[in-house]
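Step one of this worksheet: look at the structure below.
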Amino acid sequence: MAAPWVILGRVLRVGFVPGDVEAEEGDQEAQAHPAAPADAHAEEEAAQAEHAAAAAEPDFTLPVALPPRVTVLAAGRGAHPDPENPDKYPYIVAAGPLSVLVHFAGAPFRGTYFDDYPHESHLVLVRAFVAAGGGGGLTTASAVRVPDRAGPAPVLRNVGSVGLYSDDQGDYRIVELQLHRGGERARLVCFKPAKPTDRRHIPYWYVKDVEHPMAEERREFVPHGAVTVDSTIWWFDLSWGVFSCDLGEDVPDLIFHHVPDGRALAEATTDIHARRCVTVSRNKVRYVEIITAGGATRLCMWTRLIGPDGWTWYVKYAMNFDNVWDDDSYRETGLPREVPVLAAVCPSNPRLVYFALEHRLFGVDVPAHRVVHSEAYELVNIPGPPQPPSSRYVLAWNLPPEVAQALGMDLAGFHAGQMAVEDDDLPEGLADNEGPQAGEIEEEEQPGVADVGGDEDQPEEELDYADPQGAVVLEDLQAARNRDDEQQEQAADAGDVDVLSDDFSEEQMRRVAKIVSVKMDPATLSRLKSDVKEYFRDMEKDQPGPSQGPGDDDAQGPGDDAGESAV
15 MAAPWVILGR VLRVGFVPGD VEAEEGDQEA QAHPAAPADA HAEEEAAQAE
65 HAAAAAEPDF TLPVALPPRV TVLAAGRGAH PDPENPDKYP YIVAAGPLSV
115 LVHFAGAPFR GTYFDDYPHE SHLVLVRAFV AAGGGGGLTT ASAVRVPDRA
165 GPAPVLRNVG SVGLYSDDQG DYRIVELQLH RGGERARLVC FKPAKPTDRR
215 HIPYWYVKDV EHPMAEERRE FVPHGAVTVD STIWWFDLSW GVFSCDLGED
265 VPDLIFHHVP DGRALAEATT DIHARRCVTV SRNKVRYVEI ITAGGATRLC
315 MWTRLIGPDG WTWYVKYAMN FDNVWDDDSY RETGLPREVP VLAAVCPSNP
365 RLVYFALEHR LFGVDVPAHR VVHSEAYELV NIPGPPQPPS SRYVLAWNLP
415 PEVAQALGMD LAGFHAGQMA VEDDDLPEGL ADNEGPQAGE IEEEEQPGVA
465 DVGGDEDQPE EELDYADPQG AVVLEDLQAA RNRDDEQQEQ AADAGDVDVL
515 SDDFSEEQMR RVAKIVSVKM DPATLSRLKS DVKEYFRDME KDQPGPSQGP
565 GDDDAQGPGD DAGESAV
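Each residue of the sequence shown is one higher than the one before, starting from 15 at the first, in this note's numbering.
Shown next as structure tokens:
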């Protein structure tokens, strides 16, 4: 049984905002029909009543709706850092066990600004969730305004680079990771709040410089978000990898984790959130991706764990979508056989994954290949054109236990179900589709996905699920990748022949073609080509041309270095 959790819409609902069409129409009507003195007095009383109501209004309200519905947090007037210029689109940056971190801008700017250096940036922590009376799942919460920055890092660089650590006792830290391409140092911009037990302690921002583990790559880090496990924050670029830092260490160390082998991209695409996500389920970091290759579409999940050789990606499962599309439960939804958008993973059950297609959210029990939930969704208050509920716009969040209990949710049943799930983590044998994936070793040493297996390296806690189709799916995925590699090698070989044709005569090219026509492995082929080219160069030195004398063996013309580099 999954813990009480919600799919949280990341863009907040807001109340009355100056500048709305309705407000402007009301102002125009008031100007067209001036109020009488008595009416003016009535309006003044109404304004005072409205102000009093706003003062009594909670900072935030959360009408809880269980999956597959989307729960949307609403911001009251008092929640805005600048109530006179409220943000129409506040955005949830991160969430912890007892709190949610929201990014506000000031009108006309938006909290949903995803590029670097957002304008007029403010952070607000949403905490002290309390179930309101009257039923209906309504919950209220309070706003804690995070002081704006000063000093060496006065501005927020990117909302995707902000992580939140919070514990069950209400303590929290906010940490932004700032990286600059080519820089040897990384910057952790941290906020430490006041201690509730010590009024003398004041909240403050501070900066820690740490070594940049990927400085030599000279690649721009594009932050897509951050997740937290225990005291470690993981900032991720879905196209490249994840940076992690344990805040509990006296001397913080920034570690880089490549995405699983073969999944890196040259750069992030605009729709990367629709197919990939980094999330936390059962207190472990998961990389999830919808992969289309070899004519089939699969859902693949990896888990980041420390194995015998250090941090390693372990294959959790691989599911062919054909198995879901062929199931009666999917046919009953009326949805087409199309690739959906990856939405969310259950925080307490990595086998339960939610997708979006044609304005419907549906949950899939991966081992059973069955749709277990399906319902129309609505993402309110999204700026611009409609957006699907990818991980950019929704967030899986465990409800605070006190709230879940107050709303009548079965926590005892969850704990019993969780114990049963943990018992399932220890099967007798290892599935063919599970095993270590060394995502950071050299490519020529990298084991194929189809080859992963063997229970000597697989952590026991990850042996909770074996899809009977998993081995076949992963083999198909690896076969598709091998075909792509072969095509690239053939294209490279063709390019080598073109370069050779520029350097040698037609007769020499025929001799080279005859030599390399024998089938052999790529490494031997490359080495032989190099030897043949060197052989012909030596021959040309022994037989000088009209512009080279017998004693000019060391003569070198302009551009020779460039030509050698190109070859």
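In this text, a Cβ means the ideal position worked out from N, Cα and C, and glycines have one as well.
- Going by beta carbons, Pro207 and Val158 fall inside the 9 Å limit.
- Here DSSP, grouped into helix, strand and coil, assigns Ser388 to strand.
- Annotated as proximal: Phe250 and Val256, with beta-carbon spacing under 9 Å.
- Ser175 sits in a helix when the DSSP states are folded into three classes.
- Between the region 269-278 and the region 335-351, the count of C-beta pairs closer than 8 Å stays below three; the two stretches do not touch.
- Beyond the five residues adjoining it in sequence on each side, Ile304 comes within less than 7 Å, by CB distance, of Arg289, Thr311, Leu313, Val353, Leu356 in the same chain, given in chain order.
- Across the set Ala119, Leu421, Arg365, Leu193, the C-alpha of Leu421 shows the shortest separation from the C-alpha of Ala146.
- Between Gly398 and His387, the C-beta gap is not smaller than 9 Å, which leaves the two residues out of contact.
- The region 93-102 makes no contact with the region 225-237: fewer than 3 CB pairs, one atom from each, lie closer than 8 Å.
- The beta carbon of Tyr391 sits closer than 8 Å to the beta carbons of Pro82, Arg83, Val84, Ala370, His373, Arg374, Leu375, Pro403 from its chain, once the five residues preceding and following it are set aside; these are given in chain order.
- Put simply, the backbone Cα of Ala109 is about 18 Å away from that of Leu170.
- Linking Gly120 to Lys330 through their CA atoms gives a straight-line distance of about 43 Å.
- With respect to the C-alpha of Ala410, the residue from Pro72, Ala167, Leu80 having the closest C-alpha is Leu80.
- Residue ranges of uninterrupted beta strand (DSSP E) with 3 or more members, entirely inside the region 156-240 and ordered along the chain, are 176-180, 186-192, 199-206, 218-225.
- Trp248 carries a strand assignment under DSSP once its states are collapsed to helix, strand and coil.
- The Cβ atoms of Tyr301 and Thr284 do not sit closer than 9 Å to each other.
- Separation of Val292 and Ala240 (C-alpha to C-alpha, rounded to the nearest whole angstrom) is 8 Å.
- Look at Pro415 here: in three-state DSSP terms it is helix.
- Note on Val265: under 16 other CB atoms within 10 angstroms of its CB, so exposed under the neighbour-count rule.
- In chain order, Ser253 place their CB closer than 7 Å to the CB of Leu279, counting only its own chain and leaving out the 5 sequence neighbours on each side.
- The shortest CA-to-CA distance from Val299 to any of Asp323, Ile286, His271, Thr306 is the one to His271.
- In the three-state reduction of the DSSP assignment, Phe128 falls in the coil class.
- Taken atom to atom, the span from the alpha-carbon of Tyr131 to that of Val221 is near 18 Å.
- The Cβ atoms of Leu87 and Ser180 lie no closer than 9 Å to each other.
- DSSP places Trp19 in the uninterrupted beta strand (DSSP E) bounded by 19-28.
- Among the bridge pairs identified by DSSP, Lys298 is matched with Ser295.
- Rounded to whole angstroms, the separation of the alpha carbons of Pro104 and Thr153 is 19 Å.
- For Phe335, the enclosing alpha helix (DSSP H) covers residues 335-339.
- Between Trp219 and the set Asp267, Leu193, Ile247, Pro161, the nearest pair of CA atoms involves Pro161.
- In terms of Cβ geometry, Ala164 and Glu198 do not form a close pair [threshold 9 Å].
- Out of Ser405, Arg195, Glu225, the CA that lies nearest to the CA of Val294 is found in Ser405.
- The three-state secondary structure of Tyr105, taken from DSSP, is strand.
- Note that the C-beta distance between Ala200 and Leu268 is below 9 Å.
- Excluding its 5 nearest sequence neighbours in each direction, Pro350 has C-beta neighbours in its own chain below 8 Å: Leu371, Glu372, listed in chain order.
- A residue is called buried when at least 16 other Cβ atoms come within 10 angstroms of its Cβ; Pro322 does not meet this threshold and is exposed.
- Of all alpha-carbon atoms in Gln401, Glu416, Met423, Ala418, the one lying nearest the alpha-carbon of Val25 is that of Gln401.
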